[in-house]
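Numbering of the sequence shown is given in this note's numbering, commencing with residue 724 and proceeding in unit increments. Beta carbons: idealized from backbone N, C-alpha and C, even for Gly. In this text, all values refer to a predicted model and were calculated from it rather than measured experimentally. Here's the structure, in structure tokens; my notes come after.
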Amino acid sequence: MLEDIMARDEWAIIILDACRYDYFKKLINNYIPGGALQARRSPGSCTLEFLNNEFRGRYDCIVISSNGFLQDRPIKHPDGWYFNGLEHFRKVVNLFSHNWSDELMTVPPWEVNKVALENIEDRMLIWYIQPHFPAIGKVKLIMNANQIKKAWKAGRLSLSTIRLAYEYNLRLVLSYVAKLIKRLPHKLIVITSDHAELLGEGGKFNHPCCSNSPILRTVPFYIIKSKNLA
């Protein structure tokens, strides 16, 4: 999915974790107009599946990561998944360990912006954890997907509230991405996602690995060239 971009001399790839294509399409022109939007099929329906299928080689780039599965050390999951960021990328800046907010239970997007701007290089992979829950936007849900499902099944949360919280989480991160790309020197920027998110379709939530759900496997691929930002 990203091979053609990463083979170039200069680029910035921005990952929005668990970002649905339909929500992105609805919102992107309000924040970052002028790019070219495509729908792409992700090689995974969860982060570790995406990492293992997408990044098989060694890449001369820096990674700014707020995702706990992409760190500067090996990550082993109880389900058997494994990924070591330093085996695949020249440098990984680990925001998950060093820029975590105990109050928000996540790495906020302003921390990603700060660290990315402190580490500008020709080839950058910048990974925001939003719109992945918890939702920290205008409509807050400081809960993970399993907690959200339990609250919904118990009648304490409506689907409309869950979906609105997700949308505002995406709005929040897009507002920070818009600020960041104005300061990035790259002539080519791509915004995409590792996988999407189930928001109550068929009573399901989250993003289980090894799923062929079109909702989970369809992600945005938004190409921005420097002329778009002029």
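- Shown here, Ser824 sits in a strand according to DSSP, grouped into three states.
- Within the same chain, His811 come within 7 Å of Arg781 by CB-CB distance, once the 5 residues on both sides are set aside.
- If one requires a minimum length of 4 residues, the alpha helix (DSSP H) runs lying completely within the region 830-876 are 832-840 and 868-876, in chain order.
- According to DSSP, Val816 shares a beta bridge with Ile787.
- In the three-state reduction of the DSSP assignment, Arg781 falls in the coil class, being assigned neither a helical nor a strand state.
- Contact check for Ile871 against Ile885 passes: the beta carbons are separated by less than 8 Å.
- Going by DSSP, Ile755 is part of no alpha helix (DSSP H) at all; its letter is neither H nor E.
- In the structure shown, Asn935 falls within a coil segment according to DSSP collapsed to helix, strand and coil.
- Taking a cut-off of 8 Å on C-beta distances, the region 887-903 does not touch the region 815-822, as fewer than three cross pairs fall below it.
- The Cβ neighbour count for Met828, taken over all protein chains shown within 10 Å, is under 16; the residue is labelled exposed.
- Assignment of beta-bridge partners to Lys799 by DSSP yields Tyr805.
- The three-state secondary structure of Leu911, taken from DSSP, is strand.
- CA-to-CA, the gap between Ala839 and Glu924 works out to about 35 Å.
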